[in-house]
Structure formats: C-alpha cells, structure tokens
Amino acid sequence: EVVKGKKVAETIGAMIVPGSTLVKKQAEEEGLDKIFTESGFDWREAGCSMCLGMNPDILSPGERCASTSNRNYEGRQGVGGRTHLVSPKMAAAAALHGKFVDIREI
Numbered sequence: 011e012v013v014k015g016k017k018v019a020e021t022i023g024a025m026i027v028p029g030s031t032l033v034k035k036q037a038e039e040e041g042l043d044k045i046f047t048e049s050g051f052d053w054r055e056a057g058c059s060m061c062l063g064m065n066p067d068i069l070s071p072g073e074r075c076a077s078t079s080n081r082n083y084e085g086r087q088g089v090g091g092r093t094h095l096v097s098p099k100m101a102a103a104a105a106l107h108g109k110f111v112d113i114r115e116i
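Next comes the structure, spelled out in structure tokens:
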C-alpha cells in the first residue's frame, strides 16, 4: 500500500531481501516482487545482505540505512555507517521520500 504506483527517491539505493526462499516464493506468487521492482527497489535472493555487512552490500562511512533487520550495533552494516531499525512501512516510506518521514501523515 505504501509503495504501489510510487518511485524510490533518486538519492536512495533500496533493496528487498526476503528472509527465506519460502517467503520469496510466496511474495512472488502475490506479485509483490513486481510492485517493488516497478517502484525502483532491487529484488534480491533470499538470505542475508546488508543485515550482516559481510559482503559488498555495506554502508559507507556516514551513510544511513533504514533497516527492517533486528540488530543495529555499531559497524554491523559497514564501518562508520548508521543503521536505524524501522518497521517495513517506515523503511518503504523512507526509500520513497529519501528521508525519514512521519508515516502517520502519508
């Protein structure tokens, strides 16, 4: 409901990483992958990505991330990066607006 028919802000890199192959399959059966990709999100394979910061998907120093993961200790998603734990609705809204917004007002 937050994303459909809208576009990710030009200054934002936004990705969707389903938590499991089952979740990915169910989302694709519902057409959610198309809604996200049409809005400018990168639809990824299931598993870990930025949540662990052990692959090329890391934050640069000073960069911020609106994350739906469950941990945000210092350096987890990249040295000098800042992770904000948010709800899925807030993460989507931040991607679309390019900043944190009050989701009660959108």
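Each residue of the sequence shown is one higher than the one before, counting from 11 in this note's numbering.
Using N, Cα and C, we set each Cβ at its ideal position, and we do this for glycine too.
Here the structure is a predicted model, which means the values were calculated and not measured.
In chain order, what residues of the same chain have a beta carbon less than 8 Å from the beta carbon of residue i, not counting five sequence neighbours either side?
i, result
"S77", "M60, C61, Q87, T93, H94, L95, V96, A101"
"K17", "S49, G50, L106"
"E20", "G108"
Please report the distance separating the alpha-carbon of residue i from that of residue j.
i, j, result
"G15", "E48", "8 Å"
"R114", "A24", "21 Å"
"P98", "E39", "19 Å"
"I68", "T31", "22 Å"
Let me know the secondary structure DSSP gives residue i once reduced to three states.
i, result
"I113", "helix"
"A76", "strand"
"L95", "strand"
"M60", "coil"
"I22", "coil"
How about residue i: is its Cβ closer than 8 Å to a heavy atom in the ligand MN?
i, result
"R86", "This structure lacks the ligand MN; in fact it carries no ligand of any kind."
Can you find the residues in the same chain that come closer than 6 Å, C-beta to C-beta, to residue i, ignoring five residues on each side of it along the sequence?
i, result
"I26", "F46, F51, W53"
"R74", "R92"
"S79", "C61"
"V111", "A103"
"N82", "T93, L95"
Among the residues of its own chain, which have a CB less than 7 Å from the CB of residue i, if the five just before and after it don't count?
i, result
"D43", "A37, W53"
"P28", "K34, A37, A56"
"G63", "R86, Q87, G88"
"I22", "A105, G108"
Whole-angstrom Cβ separation of residue i and residue j, contact assumed at under 8 Å?
i, j, result
"P71", "G85", "The Cβ separation is near 10 Å, so there is no contact."
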